[in-house]
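Numbering (the working numbering), first residue to last: 60 to 274.
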Amino acid sequence: MKKRKRPKFQIGDTVVITIYGTVGVVTNMKQLDGEIVYEINKSEGLFKENTLAFLTEYKGGENHLERLFIEYKYSFGDLVRVKGCENDLFKIIGCRTEIWRYKEDAWEDIIYELTRIPDGEWLEAQEEELKLVADHEEAERILKKTELLLISSQAKRKGLPAPESPEILIDRLLDELNDYQQLYHYFQDEFYRVKVKEIKEKLKHAQLLRSQKSE
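Now the structure itself:
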């Protein structure tokens, strides 16, 4: 029985495509007509083993043309949280890729540029430091909802009179409860959870007041 050939390279290995002199990472490997072929940087083409070399083994020239395939996890306009700043919400406004190449190693870092909601403070963070809250399509709707709630809170602090009718009060509280429940669902922020609890208590009192007035 013919012994099955063991692959020279493994997924994740940094290699040089010797026919082009470019550096890449093995992202998949397959059997094709009994021969092992390799996918590099998630490209459509497949390369035979004899066309690849470990970066440490390659003795080619110093100047190489390299084609990179960068996959971005987040998009412009996405709402995210940042490791170490979990109580703040940020919006992605830009990104850049830093390419690092050394004789025996190679990697790429993706850096995102962010602005904090609502004061616009600028921050940079790497991809692994981010956690998605809402994609760019959902973000605008959430931000408009948050803005309306902030305006409402500011109006209350200025001393605007609250509705005296229990029915109007209950309707308003139900609207606020729905808003804060949605915000807590999206952001998982402790502030919104507390607000939901407070509004539910107010609803109990308002409903009790309505029942007393109807007696």
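For glycine and all other residues, C-beta sits at the position ideal for the given N, C-alpha and C. All values reported here derive from a predicted model rather than from experimental measurement.
On a CA-only basis, which of R140, T156 and E108 is nearest D248? Give me that one, please.
Taking only the C-alpha atoms, the option nearest D248 is R140.
My guess is that V75 and V82 are in contact by the Cβ rule of under 8 angstroms, so how many angstroms apart are they, rounded?
Indeed they touch by this definition, with Cβ atoms about 6 angstroms apart.
For D72, which residues of its own chain have a beta-carbon under 8 angstroms away from its beta-carbon, when the five flanking residues on both sides are left out?
V84, V85 and F113.
For I227, does the three-state DSSP call read helix, strand or coil?
Three-state result, I227: helix.
In angstroms with no decimal places, state the Cα-to-Cα distance between E226 and D168.
Taking the straight line from one Cα to the other gives about 56 angstroms.
With a cut-off of 8 angstroms, do at least 3 Cβ pairs link the region 129-145 to the region 172-189?
Segments in contact, yes.
According to DSSP, simplified to helix, strand and coil, what is V96?
Strand.
Can at least three beta-carbon pairs, one atom from the region 258-271 and one from the region 226-244, be found at a separation below 8 angstroms?
Result yes; three or more Cβ-Cβ pairs closer than 8 angstroms.
So, Y133 versus I158, is the Cβ gap smaller than 7 angstroms?
Between Y133 and I158, the gap from beta carbon to beta carbon reaches 7 angstroms or more.
Please list, in chain order, all residues of the same chain as K190 whose beta carbon is under 7 angstroms from its beta carbon, the five residues on each side excluded.
The answer, listed in chain order, is V139 and R140.
Inter-residue CB distance, M88 and I99 (contact presumed, cutoff 8 angstroms)
About 10 angstroms separates the two Cβ atoms, so there is no contact after all.
By how many angstroms is the C-alpha of Y243 removed from the C-alpha of L173?
Distance between the alpha carbons of L173 and Y243: 22 angstroms.
Going by alpha carbons, who is nearest to W199 out of R155, F149, E130 and I170?
Correcting the residue type first, residue 199 is Glu in the shown sequence and not Trp. Of R155, F149, E130 and I170, the residue nearest in Cα terms is F149.
Starting from D168 and walking both ways along the beta strand (DSSP E), at which residues does that stretch end?
DSSP places D168 inside the beta strand (DSSP E), whose first and last residues are A165 to I176.
Check whether D194 and D147 have beta carbons under 7 angstroms apart
No, the Cβ-Cβ distance between D194 and D147 is not below 7 angstroms.
Going by other Cβ atoms of all chains shown within 10 Å of its Cβ, with 16 needed for buried, is E116 buried or exposed?
Exposed, since its Cβ has fewer than 16 Cβ neighbours within 10 Å.
T156: which of I176, K256, Y131 and G104 sits nearest, CA to CA?
Among I176, K256, Y131 and G104, the Cα nearest to that of T156 belongs to Y131.
In chain order, what residues of the same chain lie with their CB nearer than 7 angstroms to the CB of F246, ignoring the 5 residues before and after it?
Answer for F246: L148 and V192, listed in chain order.
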